[in-house]
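Working notes, structure below.
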Amino acid sequence: GNSVTQMEGPVTLSEEAFLTINCTYTATGYPSLFWYVQYPGEGLQLLLKATKADDKGSNKGFEATYRKETTSFHLEKGSVQVSDSAVYFCALSESNFGNEKLTFGTGTRLTIIP
Amino acid sequence: GAGVSQSPSNKVTEKGKDVELRCDPISGHTALYWYRQRLGQGLEFLIYFQGNSAPDKSGLPSDRFSAERTGESVSTLTIQRTQQEDSAVYLCASTPLLVDHEQFFGPGTRLTVL
């Protein structure tokens, strides 16, 4: 079956540091890949996505590239801010007659200190 | 417009009792998903509804779990004879089918079984 493995946290960085959160996946077909984020006290929301190999998703300064050869979708940001403190989830979906149920990693808690 | 809403936000119950969790999807969203997030784990898919089609119940962990949805409206997730291992955050998500693949999540119901 499908699975997602992501870097365990928690991760603590200083403001303006470079961020990488690793994510690798196992899937039987050609999944779409996602990063979801959960800010403190808020619901889960989509951060970025990529639907086919070599696509790059980007949003709010974050980027992730769909690498089929390494089955990876690592999240990166060049200069993090305190407001980026949140829990980040890598996820995949494979459409099955319209059912795009998501398979999630365990989440990585990121804390940015000023 | 209004997002996905869930009620109650918190539920504490005694082992062996039945509980009912409610999800109000975004108006016009045809697909609805339930997920469960146990402490320290990623989200697990429970069930998927799409319009009046038969739901995908493949993620329900036992026959104590059931869910209903009428058309494109409210959904309820019922857990009978609750056990301590049912303690988790239950999340609902809705999506306009085949548009952008994004699922919109509600704030969740935190269930605690004593």
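So the protein lines, in turn, are chains A and B.
At the far end of the first sequence sits residue 256, using my numbering, and the numbering has no gaps.
At the far end of the second sequence sits residue 1132, using my numbering, and the numbering has no gaps.
Idealized CB from N, CA, C, for every residue including glycine.
How would you list, in chain order, the residues of chain B whose beta-carbon sits under 8 angstroms from the beta-carbon of residue i?
{"i": "residue 248 (chain A)", "result": "1058, 1059 and 1060"}
{"i": "residue 243 (chain A)", "result": "1051, 1063, 1066, 1074 and 1077"}
{"i": "residue 215 (chain A)", "result": "Chain B residues near residue 215 (chain A): none, gap ~14 angstroms exceeds 8 angstroms."}
Could you pull the DSSP bridge partners for residue i from this structure?
{"i": "residue 1109 (chain B)", "result": "B:1053"}
{"i": "residue 1042 (chain B)", "result": "B:1023"}
{"i": "residue 1093 (chain B)", "result": "B:1041 and B:1087"}
{"i": "residue 260 (chain A)", "result": "The question about residue 260 (chain A) has no answer here: the residues shown for chain A are numbered 143 through 256."}
{"i": "residue 220 (chain A)", "result": "Note: residue 220 (chain A) sits in no beta bridge, so no partner."}
{"i": "residue 1074 (chain B)", "result": "B:1066"}
{"i": "residue 241 (chain A)", "result": "A:238"}
{"i": "residue 1128 (chain B)", "result": "B:1028 and B:1107"}
{"i": "residue 205 (chain A)", "result": "A:200 and A:218"}
{"i": "residue 186 (chain A)", "result": "A:180"}
{"i": "residue 1080 (chain B)", "result": "DSSP output for residue 1080 (chain B) lists no bridge partner at all."}
{"i": "residue 167 (chain A)", "result": "A:146"}
What I want to know is whether the C-beta of residue i ends up closer than 7 angstroms to one or more non-hydrogen atoms of the ligand PLP.
{"i": "residue 164 (chain A)", "result": "Absent from the structure shown: the ligand PLP. Ligands present: none."}
Where residue i and residue j are concerned, what is the direct C-alpha to C-alpha distance, given to the nearest angstrom?
{"i": "residue 1127 (chain B)", "j": "residue 213 (chain A)", "result": "33 angstroms"}
{"i": "residue 1027 (chain B)", "j": "residue 1054 (chain B)", "result": "14 angstroms"}
{"i": "residue 1023 (chain B)", "j": "residue 1124 (chain B)", "result": "5 angstroms"}
{"i": "residue 1105 (chain B)", "j": "residue 1030 (chain B)", "result": "9 angstroms"}
{"i": "residue 224 (chain A)", "j": "residue 1070 (chain B)", "result": "45 angstroms"}
{"i": "residue 201 (chain A)", "j": "residue 189 (chain A)", "result": "6 angstroms"}
{"i": "residue 1049 (chain B)", "j": "residue 187 (chain A)", "result": "17 angstroms"}
{"i": "residue 1087 (chain B)", "j": "residue 1093 (chain B)", "result": "4 angstroms"}
{"i": "residue 1079 (chain B)", "j": "residue 1098 (chain B)", "result": "12 angstroms"}
{"i": "residue 194 (chain A)", "j": "residue 210 (chain A)", "result": "9 angstroms"}
{"i": "residue 226 (chain A)", "j": "residue 160 (chain A)", "result": "12 angstroms"}
{"i": "residue 172 (chain A)", "j": "residue 1075 (chain B)", "result": "23 angstroms"}
{"i": "residue 1101 (chain B)", "j": "residue 1131 (chain B)", "result": "6 angstroms"}
{"i": "residue 1084 (chain B)", "j": "residue 1072 (chain B)", "result": "13 angstroms"}
{"i": "residue 185 (chain A)", "j": "residue 1090 (chain B)", "result": "22 angstroms"}
{"i": "residue 1082 (chain B)", "j": "residue 1044 (chain B)", "result": "27 angstroms"}
{"i": "residue 215 (chain A)", "j": "residue 208 (chain A)", "result": "5 angstroms"}
{"i": "residue 192 (chain A)", "j": "residue 245 (chain A)", "result": "15 angstroms"}
{"i": "residue 242 (chain A)", "j": "residue 1107 (chain B)", "result": "21 angstroms"}
{"i": "residue 1067 (chain B)", "j": "residue 157 (chain A)", "result": "42 angstroms"}
{"i": "residue 1122 (chain B)", "j": "residue 1114 (chain B)", "result": "9 angstroms"}
{"i": "residue 183 (chain A)", "j": "residue 255 (chain A)", "result": "18 angstroms"}
Strictly below 7 angstroms CB to CB, what residues from chain A border residue i?
{"i": "residue 1034 (chain B)", "result": "None at all; the shortest Cβ gap to chain A is about 30 angstroms."}
{"i": "residue 1125 (chain B)", "result": "185"}
Anything in chain A within Cβ reach of residue i, meaning under 9 angstroms, just list it in chain order.
{"i": "residue 1039 (chain B)", "result": "The premise fails here: residue 1039 (chain B) is roughly 15 angstroms from chain A at the closest Cβ pair, so nothing lies under 9 angstroms."}
{"i": "residue 1129 (chain B)", "result": "Neighbours of residue 1129 (chain B) on chain A: none; closest Cβ ~16 angstroms, over 9 angstroms."}
Which residues in chain A sit within 8 angstroms of residue i, going by Cβ to Cβ distance?
{"i": "residue 1120 (chain B)", "result": "188 and 191"}
{"i": "residue 1132 (chain B)", "result": "Residues of chain A passing the Cβ test: none, with the nearest at roughly 25 angstroms."}
List the residues of chain B whose Cβ lies closer than 9 angstroms to the Cβ of residue i, in chain order.
{"i": "residue 231 (chain A)", "result": "1060 and 1061"}
When you compare the stretch 1028-1042 of chain B with the stretch 208-220 of chain A, are there three or more beta-carbon pairs, one atom per stretch, that lie closer than 8 angstroms? no
Is the stretch 174-185 of chain A in contact with the stretch 222-238 of chain A, if contact means three or more CB pairs nearer than 8 angstroms? These segments touch.
Does the stretch 238-253 of chain A come into contact with the stretch 147-157 of chain A, if we say contact requires no fewer than three beta-carbon pairs (one atom in each stretch) closer than 8 angstroms? The stretch 238-253 of chain A vs the stretch 147-157 of chain A: in contact.
Report the residues of the stretch 1085-1098 of chain B with a CB closer than 8 angstroms to any CB of chain A, ordered along the chain. none
Are there three or more Cβ pairs, one per stretch, closer than 8 angstroms when the stretch 1037-1051 of chain B is compared with the stretch 161-168 of chain A? no
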